[in-house]
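Shown next, in structure tokens, is the structure this report addresses.
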């Protein structure tokens, strides 16, 4: 079956798809890193709150 596209058009579409796949992968890595960072901040805040009687105000500010 003929798609009506030239070989060059098909090759360009393949190259475009490869570039987009790489950009998608980078975006997913960034989103994952951001989520991990958010989770770390949340758990750190919770630990400080749970140990508030053992942590000085100065230490809380530093954290």
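In the numbering used here, the protein residues as written are 1 to 63.
Ideal placement from N, C-alpha and C gives every residue a C-beta, glycine not left out.
- Where residue 55 is concerned, there is no enclosing alpha helix (DSSP H), because DSSP gives it neither an H nor an E.
- Excluding the 5 residues flanking it on each side, residue 19 has no same chain C-beta neighbour closer than 8 Å.
- When DSSP states are grouped into helix, strand and coil, residue 6 belongs to the coil group.
- Across the structure, residue 24 and residue 30 are spaced so that their CA atoms are roughly 10 Å apart.
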